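Chains as they are written, first to last, in our numbering: chain A, 13 to 228; chain B, 13 to 228.
So the structure is just underneath, and the comments pick up after that.
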DNA sequence: CTCATTTATTAGGCATGCCTAACAACATAG
DNA sequence: CTATGTTGTTAGGCATGCCTAATAAATGAG
């Protein structure tokens, strides 16, 4: 009934993330995200559908309840791993994603719980994303991208949708991390940058980047 | 030149352990240890020899320098993982082996170093086996099995060559763990049990078990 | 010395997951 | 309406690592 491999976990996790980002999830989008060829993904999709982990209709790839449960377990292990790496082993937030991608498949349910306990049951990963609890319950705050704020509006950073180490390093030097308050000073027209104020300093921020920073 | 997979790591690690236990390492012994069929092992042995990780002569399977280096890296990661599990995450010594078997293949050199540093560069795993340093240098104490002690002799436990959780739990209830002093009260004849004294209590201990406990 | 057992290998398969090349199905721009 | 591009699938392969059955070689017991 279960029949799970690390690859299947990887696919389900990706599908979960992509469907959060935007519906529907297409074969090509998934292939790109996993860095695989479309036919490889096509094949696996058929297999996952056969295991009742996803449904594959006209309107794209959707996780079934069972598939969603597994995906959230993997995400929980991923984000707990990241917290372990930053809070206990002293990694910086830009160094943890790749490492966690490997750890998430090597962690038993027991270890998952021990990590959570040892860290005081953290609610989010270092990038601000919520950690599903052990029953798969996921608390999502109502947020909007920084790029949608108008001049003079402000918000508190909740999360940063970015995995690229270089970009995360850059954001850290600006102090753009969860729980930090940002104020938009100015929005340049024609899709130009935002001028933001973070703890006393002013920076110009591209729209692209700003859209990945979620504030409340 | 490298070309490494988790399976190859697993084989090299097993060969290293088996050759420490007893020379020479045979295909069948390796197959039994890895819980694989002899032909599967035979095949992999040929592959490992082709990669210059082992030599396969009349007198069994031997690691080359290169193979030994990799094996020690894996063992380092395994034992550091065990320490992480006991010292930081609160696992008991009988719960860590299997978990570490998965972690050892998921840990980057960076994480390896961070674990070591965070734990104060531990010299042994929870079972008393030495942890190779980052250059692969391994300090081995001169030890002998508890089973070789005569009546009235005593020693300090250095390590316990056992992975079975049940047995480790049992030994822990007797207090037979590294750094503990044991005195042999009596040795029953005809391969019978040893009567040992540990921190004030007396226990009868089978020869088989006693041979796995190394003392100095 | 011979028969039997253990030990190692060859032969032939299979599942998993990946690939490229080729084709089909659809949207849309001109 | 046709040409072009995007998207998805089939077809055919390949590498990795495992298996069983059969065979060959070495060891040991009577």
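For each residue, glycine too, the CB sits at the ideal point set by N, CA and C.
This structure is a prediction, so every number in the text was calculated from the model and none was measured.
Within the DSSP secondary-structure output, residue 141/A pairs in no beta bridge. Here the alpha carbons of residue 223/A and residue 201/A stand approximately 16 Å from one another.
At a cut-off of 7 Å between C-beta atoms, residue 102/A counts as an interface residue with respect to chain B.
For residue 192/A, no beta strand (DSSP E) encloses it, and the DSSP letter there is neither H nor E. The CB of residue 171/A never comes closer than 9 Å to any CB in chain B; the least such distance is about 24 Å. Under the DSSP assignment, residue 79/B falls in the alpha helix (DSSP H) whose first and last residues are 77-95. Taking CB atoms only, residue 24/A has no neighbour in chain B less than 7 Å away. The contact set of residue 128/B on chain A, defined by CB atoms closer than 8 Å, is empty, because the minimum CB distance reaches about 10 Å. Following the DSSP letters along the chain, one finds residue 53/A inside the alpha helix (DSSP H) bounded by residues 50-62.
Contact of residue 114/A with chain B by beta-carbon distance below 7 Å involves 118.
Residue contact with chain A for residue 220/B: absent (no Cβ-Cβ distance below 7 Å to any residue of chain A). Interface with chain B (7 Å Cβ-Cβ cutoff): residue 111/A is included. If you ignore the 5 residues before and after residue 206/A, its C-beta comes within less than 6 Å of the C-beta of 196, 199, 217 and 222, all in its own chain and listed in chain order. Assignment of beta-bridge partners to residue 27/B by DSSP yields no partner.
110/B is the residue among 110/B, 213/B, 62/B and 88/B whose C-alpha sits nearest the C-alpha of residue 174/B.
In the DSSP assignment, residue 167/A forms a beta bridge with 194/A.
For residue 94/B, the CB contacts under 6 Å within the same chain, skipping 5 residues up- and downstream, are 108, 112, 137 and 138 in chain order.
Proximity to residue 170/A across 148/A, 140/A, 194/A and 41/A peaks at 140/A, based on C-alpha coordinates.
Residue 227/A and residue 163/A have their alpha carbons spaced roughly 15 Å apart. Pairing residue 86/A with residue 74/A, the inter-Cα distance amounts to about 17 Å. Residue 221/A: not part of any beta strand (DSSP E); member of the alpha helix (DSSP H) spanning 219-222, first to last residue. Between residue 142/B and residue 151/B, the beta carbon gap of about 5 Å places them in contact (Cβ cut-off 8 Å).
Around residue 65/B, the same chain offers 20, 24, 75, 76, 78, 79 and 82 as residues with beta carbons nearer than 8 Å, after the five sequence neighbours per side are excluded.
For residue 179/A, there are no neighbours in chain B by C-beta distance under 8 Å, as the nearest C-beta there is about 19 Å away. Proximity of residue 56/A to chain B, defined by a Cβ-Cβ separation below 7 Å, is not satisfied. Close CB contacts of residue 214/B within its chain, under the 8 Å cut and outside five residues either way in sequence, are with 197, 207 and 208 (chain order). Between residue 88/A and residue 144/A a beta carbon distance of about 5 Å is seen, short of the 8 Å cut, so the two are scored as contacting.
DSSP places residue 17/B in the coil class of the three-state scheme, outside both helix and strand. Per DSSP, the beta bridge partners of residue 226/B are 157/B and 171/B.
As DSSP reads the structure, residue 68/A sits in a beta bridge with 73/A. Interface annotation, residue 123/B: in contact with chain A, CB-CB separation under 7 Å. Taking C-beta atoms under 8 Å as the contact rule, residue 128/A and residue 92/A qualify, at a distance of about 6 Å. Closest option to residue 161/B, judged by alpha-carbon separation, among 30/B, 181/B, 149/B and 194/B: 194/B. By the neighbour-count criterion, in which 16 or more other beta carbons inside 10 Å mark a residue as buried, residue 104/B falls on the exposed side. Scanning its chain for C-beta atoms nearer than 8 Å, with the 5 sequence neighbours on each side dropped, one finds around residue 45/A the residues 26, 29 and 30, in chain order.
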